[in-house]
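Presented below is the structure to which this report refers.
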Amino acid sequence: MSISFPGESPEYRAARDRLLEREIELRRAMESVAAARRQLPPGGLVPEDYVFQGAGPDGGSQDVRLSELFGPGKDSLVIYSMMFPRYPTDDRRGAATGRTAELELVEAPCPSCTAFLDQLDGAVEHLDQRLNFAVVAKAPLPRLLAFSEERGWRRLRLLSAHGNNYDRDYHGESEEGYSLPMMNVFHRENGEIRHFWGSEMLYAPRDSGQDPRHTGTIEPLWNMHDLTPEGRPQDWHEQLSYG
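What the sequence shown shows, in UniProt numbering, is residues 1 to 243, in sequence order.
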């Protein structure tokens with residue numbers, strides 16, 4: 001089946017049909033990769049029941065263990081390691097207002113992580129029907145909660161990993177101890193919690209001019225650019241505020 005749009009030329013239609021074949025091939029490849037991911041053998045047992053700092057019912061902080069992040073009937077847990085503080089060489093400007101703006105730039109949150117989580121905040125209400133999702137960062141909990149309020153996040157579960165080794169063990173920090181934007185998936189079965197998958201493309205070699213794209217398939221911001229004639233901008237970067 002071939003469709004057409006008003007005013008298009010035969011040359012356009014022929015090129016578009018060829019591109020459509022490639023898009024179908026990409027869809028098949030994505031489905032194949034997803035199927036292969038689901039067939040992974042059991043991953044490693046989580047070495048400890050990591051204790052995070054989360055918001056308590058009275059507005060203070062409370063200890064939250066990794067095992068407690070699994071809700072009833074939901075056995076998959078996705079954790080995103082946010083770069084807060086940002087990588088020390090990241091000199092993009094910080095927040096324009098709020099308590100976060102008072103931080104030294106090196107202690108401020110990563111703009112790219114922030115843009116990513118802006119997009120996921122709206123998805124969590126839907127995801128929560130089937131899986132568990134949490135965001136961890138090395139920043140102290142009061143900084144995380146203040147920034148969340150400034151951004152208007154309403155659904156993200158934010159946890160401080162300030163006092164544990166989670167990011168170190170699951171590659172959410174560099175050898176120097178700097179935060180890295182790793183995503184990990186854990187699965188609970190028969191009382192055991194095992195690692196299932198991690199966004200290891202963050203560490204894989206990349207082609208010239210490409211970002212890691214380790215979470216690229218779930219990020220609308222950059223994928224939307226791919227639909228336009230201009231493509232992904234080469235001289236533009238996410239910011240905490242725009243002016």
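Backbone N, C-alpha and C define an ideal beta-carbon position, used for all residues, glycine too.
Leaving out five residues on either side along the sequence, give the residues of the same chain with a beta carbon under 6 Å from the beta carbon of residue i.
i, result
"residue 63", "51"
"residue 44", "195"
Which residues in the same chain as residue i place their Cβ atom closer than 8 Å to its Cβ, once the five residues preceding and following it in sequence are excluded?
i, result
"residue 238", "92, 111, 112, 114, 115, 221"
"residue 243", "96"
"residue 55", "61, 62, 141, 145, 158"
"residue 138", "84, 85, 160, 161, 162, 167, 173, 179"
So, helix, strand or coil for residue i, using DSSP?
i, result
"residue 195", "strand"
"residue 132", "strand"
"residue 118", "helix"
"residue 80", "strand"
"residue 143", "helix"
"residue 64", "strand"
"residue 46", "coil"
"residue 101", "helix"
By Cβ distance below 7 Å, which residues in the same chain neighbour residue i in space, the five residues on each side in sequence not counted?
i, result
"residue 174", "180"
"residue 88", "106, 178"
"residue 119", "219, 220, 221"
"residue 90", "110"
"residue 148", "156, 158"
"residue 27", "none"
Between the Cα of residue i and those of the options, spot the shortest distance and give me the residue it belongs to.
i, options, result
"residue 68", "148, 192, 17, 171", "192"
"residue 165", "35, 49, 9", "49"
"residue 82", "171, 197, 209", "171"
"residue 33", "217, 226, 227, 203", "217"
"residue 184", "208, 169, 104", "169"
"residue 101", "233, 66, 146", "146"
"residue 42", "190, 231, 204", "190"
"residue 199", "207, 209, 182", "182"
"residue 86", "74, 103, 99, 209", "103"
"residue 133", "74, 152, 176", "74"
"residue 65", "59, 76, 53", "53"
Would you say residue i and residue j are within 8 Å of each other, going by their C-beta atoms?
i, j, result
"residue 84", "residue 144", "yes"
"residue 187", "residue 201", "no"
"residue 140", "residue 126", "no"
"residue 124", "residue 159", "no"
"residue 212", "residue 225", "no"
"residue 46", "residue 131", "no"
"residue 154", "residue 128", "no"
"residue 94", "residue 227", "no"
"residue 150", "residue 98", "yes"
"residue 197", "residue 37", "yes"
"residue 13", "residue 4", "yes"
Using a Cβ-Cβ distance cut-off of 8 Å, determine whether residue i contacts chain C.
i, result
"residue 221", "In the structure shown, chain C does not exist; there is a single protein chain."
**Report entry** 4 or more residues per run - each alpha helix (DSSP H) lying fully within the segment 155-227
**Finding:** Listed in chain order, the alpha helix (DSSP H) runs fully inside the segment 155-227 are 166-169, 220-225, counting runs of at least 4 residues.
Query raised in the report: Going along the chain, which unbroken runs of the alpha helix (DSSP H) with 4 or more residues stay wholly within the segment 10-46?
Result: 10-38
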